[in-house]
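Below is one structure, written out as structure tokens; comments come after it.
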Amino acid sequence: QVQLVESGGGSVQAGGSLRLSCTASDTIYNMGWFRQAPGKEREFVGSFTWTGLKIQYADSVRGRFTISKDGTKNSIDLQMDDLKTEDTARYYCAATSIPGQSTWDSWGQGTQVTVSS
Numbered sequence: 028q029v030q031l032v033e034s035g036g037g038s039v040q041a042g043g044s045l046r047l048s049c050t051a052s053d054t055i056y057n058m059g060w061f062r063q064a065p066g067k068e069r070e071f072v073g074s075f076t077w078t079g080l081k082i083q084y085a086d087s088v089r090g091r092f093t094i095s096k097d098g099t100k101n102s103i104d105l106q107m108d109d110l111k112t113e114d115t116a117r118y119y120c121a122a123t124s125i126p127g128q129s130t131w132d133s134w135g136q137g138t139q140v141t142v143s144s
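In structure tokens:
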């Protein structure tokens, strides 16, 4: 496991933008974002894989959210544009620290995103 530190988040009106960042304390191979709204299950938002530079998005955010690799090897950013009230949730960064492993073994503490109408 590695330590993950998220930054960004906050409150914004619908249609606005926010940017989240996640930095790992050591080498990771996959990094992703998940979110959980009150009373709902945690859901996948998007992910970045360093091998092949593969990026994936959930259908609910595709076209509005953009994942990009930070300058360092162990960080990614999540740019969230055209935010909707239904994007309100606590956003968690996750990572895979073992090459070839398909499960997320490291999680951040989460950062709150609140979108008001």
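Numbering (this note's numbering), first residue to last: 28 to 144. Beta carbons: idealized from backbone N, C-alpha and C, even for Gly.
Residues bridged to residue i by DSSP?
| i | result |
| --- | --- |
| Gly-137 | In the DSSP output, where bridge partners are listed per residue, Gly-137 has none listed. |
| Tyr-84 | Gly-73 |
In three-state DSSP terms, what is residue i?
| i | result |
| --- | --- |
| Asp-14 | Residue 14 is absent from the model: the chain starts at 28 and stops at 144. |
| Glu-150 | No answer is possible for residue 150: the residues shown for the chain start at 28 and end at 144. |
| Thr-78 | coil |
Tell me the rounded alpha-carbon separation between residue i and residue j.
| i | j | result |
| --- | --- | --- |
| Thr-115 | Gly-127 | 32 Å |
| Asn-101 | Thr-50 | 6 Å |
| Gly-73 | Leu-31 | 16 Å |
| Gly-66 | Arg-117 | 12 Å |
| Ala-85 | Gly-135 | 20 Å |
Leaving out five residues before and five after residue i in sequence, what residues of the same chain have Cβ atoms less than 8 Å from its Cβ?
| i | result |
| --- | --- |
| Ile-125 | Tyr-56 and Asp-132 |
Return the chain-ordered list of same chain residues with a C-beta closer than 6 Å to the C-beta of residue i, the five sequence neighbours on each side being excluded.
| i | result |
| --- | --- |
| Asp-108 | Ser-44 and Arg-91 |
Could you check whether the region 33-50 touches the region 124-140, counting it as contact only if at least three pairs of C-beta atoms, one from each stretch, sit closer than 8 Å? Touching, per the Cβ criterion.
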